[in-house]
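Notes follow the structure.
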Amino acid sequence: MYNSMGAHPDEVNGIKGTRFAVWAPNAQEVCIICDKNHWKHGEYYLNSSDAGVWSGFVPEISEGDAYKFSLRGQNGEFFEKSDPYAFYSELRPKTASIVYNLENFPWQDTEWIDKRKEINWHDQPITIYEVHLGSWKRPKDGRQFFTYRELAKQLVDYVKQMGYTHIQLMPITEHPFDGSWGYQTTGYFSPTSRFGTPHDLMYFVDYCHQADIGVLFDWVPGHFPTDGHSLGRFDGTCLYEHEDPRKGFHPDWGTYIFNYGRNEIRDFLLSSAHFWIDKYHFDGLRVDAVASMLYLDYSRQEGEWVPNSSGGRENLEAIQFLKDANTSLHGAYPGILTIAEESTSWGGVSHPVYNGGLGFNMKWDMGWMNDTLRYMHFDPIYRSHHQGELSFRMIYAFTENFVLPLSHDEVVHGKRSLLSQMPGDLWQQFANLRLLYGYQYTMPGKKLLFMGGELAQWHEWDHDNELDWKLIGHDNHDGIRRLIGDLNYLYRTEKSLFETDFNSAGFSWIQCDDSKNSVFAFQRISATDDEHVIVIANFTPVPRDGYRIGVPKAGFYNEIINSDAEIYGGSNIGNAGGVYSEKINSHGLDHSITLNLPPLGLLIMKPVATSKKPDQKK
Numbered sequence: 001m002y003n004s005m006g007a008h009p010d011e012v013n014g015i016k017g018t019r020f021a022v023w024a025p026n027a028q029e030v031c032i033i034c035d036k037n038h039w040k041h042g043e044y045y046l047n048s049s050d051a052g053v054w055s056g057f058v059p060e061i062s063e064g065d066a067y068k069f070s071l072r073g074q075n076g077e078f079f080e081k082s083d084p085y086a087f088y089s090e091l092r093p094k095t096a097s098i099v100y101n102l103e104n105f106p107w108q109d110t111e112w113i114d115k116r117k118e119i120n121w122h123d124q125p126i127t128i129y130e131v132h133l134g135s136w137k138r139p140k141d142g143r144q145f146f147t148y149r150e151l152a153k154q155l156v157d158y159v160k161q162m163g164y165t166h167i168q169l170m171p172i173t174e175h176p177f178d179g180s181w182g183y184q185t186t187g188y189f190s191p192t193s194r195f196g197t198p199h200d201l202m203y204f205v206d207y208c209h210q211a212d213i214g215v216l217f218d219w220v221p222g223h224f225p226t227d228g229h230s231l232g233r234f235d236g237t238c239l240y241e242h243e244d245p246r247k248g249f250h251p252d253w254g255t256y257i258f259n260y261g262r263n264e265i266r267d268f269l270l271s272s273a274h275f276w277i278d279k280y281h282f283d284g285l286r287v288d289a290v291a292s293m294l295y296l297d298y299s300r301q302e303g304e305w306v307p308n309s310s311g312g313r314e315n316l317e318a319i320q321f322l323k324d325a326n327t328s329l330h331g332a333y334p335g336i337l338t339i340a341e342e343s344t345s346w347g348g349v350s351h352p353v354y355n356g357g358l359g360f361n362m363k364w365d366m367g368w369m370n371d372t373l374r375y376m377h378f379d380p381i382y383r384s385h386h387q388g389e390l391s392f393r394m395i396y397a398f399t400e401n402f403v404l405p406l407s408h409d410e411v412v413h414g415k416r417s418l419l420s421q422m423p424g425d426l427w428q429q430f431a432n433l434r435l436l437y438g439y440q441y442t443m444p445g446k447k448l449l450f451m452g453g454e455l456a457q458w459h460e461w462d463h464d465n466e467l468d469w470k471l472i473g474h475d476n477h478d479g480i481r482r483l484i485g486d487l488n489y490l491y492r493t494e495k496s497l498f499e500t501d502f503n504s505a506g507f508s509w510i511q512c513d514d515s516k517n518s519v520f521a522f523q524r525i526s527a528t529d530d531e532h533v534i535v536i537a538n539f540t541p542v543p544r545d546g547y548r549i550g551v552p553k554a555g556f557y558n559e560i561i562n563s564d565a566e567i568y569g570g571s572n573i574g575n576a577g578g579v580y581s582e583k584i585n586s587h588g589l590d591h592s593i594t595l596n597l598p599p600l601g602l603l604i605m606k607p608v609a610t611s612k613k614p615d616q617k618k
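Residue numbers (full-length UniProt numbering): 1 to 618.
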C-alpha cells in the first residue's frame, strides 16, 4: 500500500506536484496543510472514495515540503495528523511529514541479495550485535548524533573487527520521545530523521551488505503511542485501535493496541513489514513484544480483558496476522529472517505456518537468559544448590529455533551492566563475565549481545550518552573484548558450534550433575558427526586439578579457547595447549581426558586426528 498511499511526487499535464492519499472513512473533510497555505484548513482539499480513502494531486507541493493532513470529524472537530504512510518526517519535537522520493538510490548490494536468497540461516553462524544508533558513539563537534552515513563506516569497521555476522538496529522508525528508544513508533514507513534522510539509511544498509554484514530491523507492530499527531483516533474515531480499552489500550506502556481484525489495519502493518525489506533491503525483522500480541489478558487482571469468540484468552486476529506476515515475507523475500521476542511457552513460534506454527525463523530464548543470569548472580559458594537452573534449559532447547539474547533489556532500569551484575571481587567479576560469554557462545542457539557488553562497561546503558569507549586500553576490559572477538571467530569457523544449533543431535551432556564442584561438561557435534568440540565450565573460583571427563574418541585434544587465558585478563591456568586422552572409562564413555580447570573458567577442547602420543624420547 506504500506505493499508493501517502505522498508521492508526481507530474500531471506537465505540472509537477504531489499526489496524496489517506484513509479516514469517518472524516467529513480532509485537507493538506503546509507552509504554502500557512497551515490553515480549507485550501488543498482531497476527494473521498467509497473505501474511505481521501486523495488528490496538489501542484504547489514538491519534494522536501513539510505537510500534515487536517481532518474534520463527524462532530465538526478538527484534527491535524502526520501521514501514516510518510516516507520522511520532521526532526522532533516537530511532527509534520515531509514529501520524499525514495527512488533512484544507486544500490550496490546485488551480490549480497542474490547470496541471501540461497542461504538457510538455520545451519549458518549468526552472531548479532544489537545497536542503538543514538548512543553507540556520538560526535565531538557539538552535534547530538552522527548521520547514518557516518555511522555506516564506523560501525561496520568495528563489527567486522569484532567478528559479528549481523547488526540488529533498535527501532529507527520515527518516534517523538528519545526515551522510548524507538519502541513507541509514529512513523511505520519513516526512518527517524535524527540520523539523516531515507537515502542516508539506504547507504547504511548498502554499506553493511558490501562488507558482508547482515542488517536486522527492530519492528514494533504490537502497540503505538497516544501522541495527538499520530494514529490514535485518527479521524475522530478509533480507526487503528479498538474502541474498547480492554482490547485497545496497553496498561503497561500507556499505548494503543492495533485492531488486527480490521483488514485495513492488517494491510497497513503488512505493508510496513514488506516496506523495510523492499525499499531498504533489510535482511529481516526482529518483532517486538510478540507475547503481548498473542494474549488478550497480557498484563491484565480478571475483568480487564475480553475473551475471544471461543471464550479463550488467545488473540485470534493477532495470531492470524503474524502468520500472514511471516508467510508473505518469506514468500516474497527468500533468505530473510523473522525473529520473535516472545517470552511465554506458546508452542511453535518458530515453526512453519503449514505445521501449525507462527512462521518465525527464530525466537529469543528468554528462559535461557533469565535462568543463566539468575545463576550467575549467585555467589559461587551457593551455585552448587542451583545446578539445575542451567541444565534445565536442555529439556526444551530444541522445541524452538532459539536465539540466546543478552540484550538491552538486561542492562537498563536499575539492573546495572552485565559486569556490575557479576558477584565477587574485581577479578571474580571479570572472570564471571568471561565465563558467561563463553557459556553463551557454546550452548546451542544463535547469539545476540547488546552493544557495550563487549567493552565490559561498569555503568548500565544510558540512551543519552555514548558507550564508555574510554575503557579501551584497560587490560581487563580489553581482555573481554578480545574474548568476544575470538568467540565470534570460533563460532563462525567451527561447524560443530553452529550447524546444529537447532538439532538435538548436535548436543550431548557429558557432565551436568556435579553440583558439588559446579562443573558442567558437554560436547557440540557437527551435522555430519565428523567434527566435535568439548566444553567444560567451572563456575567456582576454585581451580580443579586432575578433573577427569569422558570424551567421545581417542586422540589429542587441543585447548582452543581458555577464558582464563592471560590475554583475556585471566590467571593463565590451563593445560599447556592440550591433553591426550586415555583409555579410561568416564561418564559412560570409553576414553577420557584429565584437565586442569581454571577458576571461573571455560575450556573449549577440540580433538585432532592423531590418536597416539608422540615418542617422549624424541
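Note that beta-carbon positions come from the ideal geometry of N, C-alpha and C, so glycine has one too.
Reduced DSSP secondary structure (H/G/I, E/B, other) of residue i
i	result
Cys31	strand
Ala318	helix
Gln421	helix
Pro9	strand
Trp112	helix
Val608	coil
Gln387	helix
Gln124	coil
Ser193	helix
Ala576	coil
His199	helix
Ile567	helix
Tyr437	helix
Ser180	helix
Ile484	helix
Ala521	strand
Met1	coil
Gln74	coil
Thr186	coil
Leu603	strand
Pro405	strand
Minimum C-alpha distance to residue i - residue among the options
i	options	result
Gly196	Glu118, Asn263, Leu296 and Phe87	Phe87
Ile213	Leu169, Ala505, Val53 and Gly357	Leu169
Ile61	Pro423, Lys16 and Thr185	Lys16
residue 627	Met422, Leu337, Val30 and Leu490	One cannot answer for residue 627 here, as it falls past the ends of the chain, which runs 1 to 618.
Lys94	His242, Glu118 and Thr192	Thr192
Trp427	Val542, Asn517, Glu314 and Asn503	Val542
Pro352	Asp371, Ile339, Thr327 and Glu341	Thr327
Gly134	Phe522, Leu600, Asn465 and Ser515	Asn465
Tyr188	Phe539, Met5 and Gly574	Met5
Gly550	Ser571, Lys516, Met605 and Ser504	Met605
residue 619	Ala609, Arg544, Met366 and Ile510	A query on residue 619 cannot be resolved here, the shown segment of the chain reaching from 1 to 618 and no further.
Lys117	Ala332, Pro176, Met422 and Asn361	Ala332
Gln421	Asn370, Lys470 and Thr442	Asn370
Ser190	Pro251, Gly254, Glu90 and Val349	Glu90
Glu150	Thr185, Trp121, Phe204 and Thr110	Phe204
Val156	Asp206, Leu419, Ala340 and Asp141	Asp206
Beta strand (DSSP E) segment containing residue i, residue limits
i	result
Cys512	Phe507 to Asp514
Asn562	Phe556 to Asn562
Arg544	Arg544 to Val551
Asp278	Premise fails: Asp278 lies in the alpha helix (DSSP H), Asn263 to Asp278, not in any beta strand (DSSP E).
Ala21	Ile15 to Trp23
Phe502	That residue, Phe502, is in no beta strand (DSSP E); it is neither H nor E in DSSP.
Val353	Note, Val353: premise wrong, no beta strand (DSSP E); not H, not E.
Arg149	That residue, Arg149, is in no beta strand (DSSP E); its alpha helix (DSSP H) goes Tyr148 to Met162.
Gly284	Gly284 to Val287
Other residues of its chain near residue i: CB distance less than 8 Å, five sequence neighbours each side excluded
i	result
His41	Glu29, Cys31, Ile33, Ser70, Arg72 and Phe78
residue 671	Because the chain spans 1 through 618 in this model, residue 671 falls outside it and cannot be assessed.
Gly506	Pro444, Ser496, Glu499, Thr500, Arg524, Ile525, Ser526 and Ala527
Trp469	Lys137 and Leu455
Own chain partners of residue i with C-beta closer than 7 Å, once the 5 adjacent residues on each side are dropped
i	result
Tyr375	Arg383, His386, Glu389 and Leu390
Asn488	Thr127, Met162, Gly163 and Tyr164
Leu102	Phe87, Pro198 and Lys279
Asn37	Glu43 and Tyr44
Alpha helix (DSSP H) segment containing residue i, residue limits
i	result
His377	Met366 to His377
Trp136	Leu133 to Trp136
Chain-order list of residues whose beta-carbon lies under 6 Å from that of residue i (same chain, five-residue window excluded)
i	result
Phe146	Pro139
Practice problem: State whether the segment 281 to 290 contacts the segment 215 to 232, with contact taken as three or more CB pairs (one from each stretch) at a distance under 8 Å. | Solution: yes
Practice problem: Answer yes if the segment 388 to 408 comes into contact with the segment 555 to 562, meaning at least three C-beta pairs across the two stretches below 8 Å, and no otherwise. | Solution: no
Quiz item: Are the segment 333 to 345 and the segment 225 to 245 touching, with three or more C-beta to C-beta distances below 8 Å?
Solution: no
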